[in-house]
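Using full-length UniProt numbering, you'd call the opening residue of the sequence shown number 1 and step up by one each time. No residue lacks a Cβ here, since even glycine has one placed at the ideal position from N, Cα and C. Predicted model, so just to flag it, every value in this text is computed and none were measured.
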Amino acid sequence: MGTREDLLVAAKQCLAERGYARTTVRDIVAASGTNLAAINYHFGTRDKLLNQAMLESTATAVHQIFVSLPETAGGDPAARLDAFWHKLIASFEADRALWTANAESTAQALHNPEIRAESAAAQRDARVGLSNALGQADLRIGSILNLLITGVLIQWLIDADNAPTPQDLSAGLRALVDMIGPARTEAETPPQDS
């Protein structure tokens with residue numbers, strides 16, 4: 001590994017151990033065996049390094065959830081989505097430090113235009129990835145899932161005892177679909193992944 005990769009590994013470790021807000025440049029330098037100049041050279045700022053580490057860690061965590069899902073009989077997307085909710089919430093519980101750091105890094109993006117742009121690009125990629133992971137070309141599915149993941153994460157971090165269970169999430173989505181009804185107009189034709 002090179003210095004850049006050493007810094008990313010150290011930043012991921014620090015995020016897991018200390019969270020976003022409490023990770024200092026000194027922490028990263030100590031964990032990586034590098035120096036402050038290396039952070040500035042490869043990333044420009046601590047925030048850009050931590051954001052990159054956070055984006056990679058979160059993408060890896062969600063990818064691991066999807067690859068661990070069993071293939072469902074007949075490719076049933078509903079069964080795959082139910083399994084996804086179970087694995088995601090188990091991940092929130094098992095890797096709370098990662099997900100807490102994720103929420104902290106989202107707040108940082110609100111105050112830094114460069115980090116906001118990087119995070120926005122990652123959100124667009126996530127929407128495509130989430131749609132594809134469920135075997136769907138409709139990007140609105142990925143958008144809604146991305147929205148729900150963020151909301152469920154915040155609820156689990158703040159009040160896990162009263163946050164929705166996987167069963168609540170699936171049942172709630174089904175209830176929303178029933179409430180809206182099956183009618184679809186020409187204007188509702190789904191956008192496709194290009």
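Check your understanding: Beta carbon of PRO166, beta carbon of HIS86: below 8 Å?
Key -> yes
Check your understanding: If you draw a straight line from the alpha carbon of residue 200 to that of ALA37, how long is it in whole angstroms?
Key -> This structure gives no information on residue 200, because the portion of the chain shown stretches from 1 to 194.
Review point. Do you know offhand how far ARG18's Cα is from VAL9's?
Key: 14 Å
Review point. Excluding sequence positions up to five away, which residues of its chain have a Cβ less than 6 Å from the Cβ of PHE66?
Key: ALA133
Practice item. Please report the Cβ distance between LEU69 and SER170, rounded to the nearest whole angstrom; I am assuming they are in contact, meaning their Cβ atoms lie under 8 Å. Key: LEU69 to SER170, Cβ: 14 Å. No contact.
Review point. Looking at the unbroken alpha helix (DSSP H) that takes in ASN51, where does it start and where does it end?
Key: 46-68
Exercise for review: Go ahead and label LEU88 buried or exposed: buried means 16 or more other beta carbons lie within 10 angstroms of its beta carbon, across all protein chains shown.
Suggested key: buried
Review point. What's the C-alpha gap between ALA31 and ILE144?
Key: 37 Å
Point to revise | Stretch-stretch touch, CB-based, cutoff 8 Å, three pairs: the region 112-119 with the region 44-57 | key: yes
Practice item. Could you tell me the distance, in whole angstroms, from the CA atom of ARG174 to the CA atom of ARG127? Key: 20 Å
Check your understanding: So ALA103 packs on LEU153, CB below 8 Å; how close in whole Å?
Key -> 6 Å
Point to revise | Nearest-angstrom Cβ-Cβ length linking SER91 and ALA61, presumed shorter than 8 Å | key: 6 Å
Check your understanding: Using the rule of at least 16 other Cβ atoms within 10 Å of the residue's Cβ for burial, across every protein chain shown, is THR24 buried or exposed?
Key -> exposed
Check your understanding: Hey, quick one: how far does the alpha helix (DSSP H) through LEU110 stretch, first residue to last?
Key -> Looking at the DSSP string, LEU110 is not in any alpha helix (DSSP H), and its letter there is neither H nor E.
Exercise for review: Note down the Cα distance separating ALA121 from ALA109, rounded to an integer number of angstroms.
Suggested key: 12 Å
Practice item. Indicate whether LEU7 and ILE39 have their beta-carbon atoms separated by less than 8 Å. Key: yes
Point to revise | Counted within 10 angstroms of its Cβ, other Cβ atoms place ILE149 as buried (16 or more) or exposed | key: buried
Review point. Going by Cα to Cα distance, which pick from ILE180, TYR20, ARG4, GLY2 is closest to ALA97?
Key: TYR20
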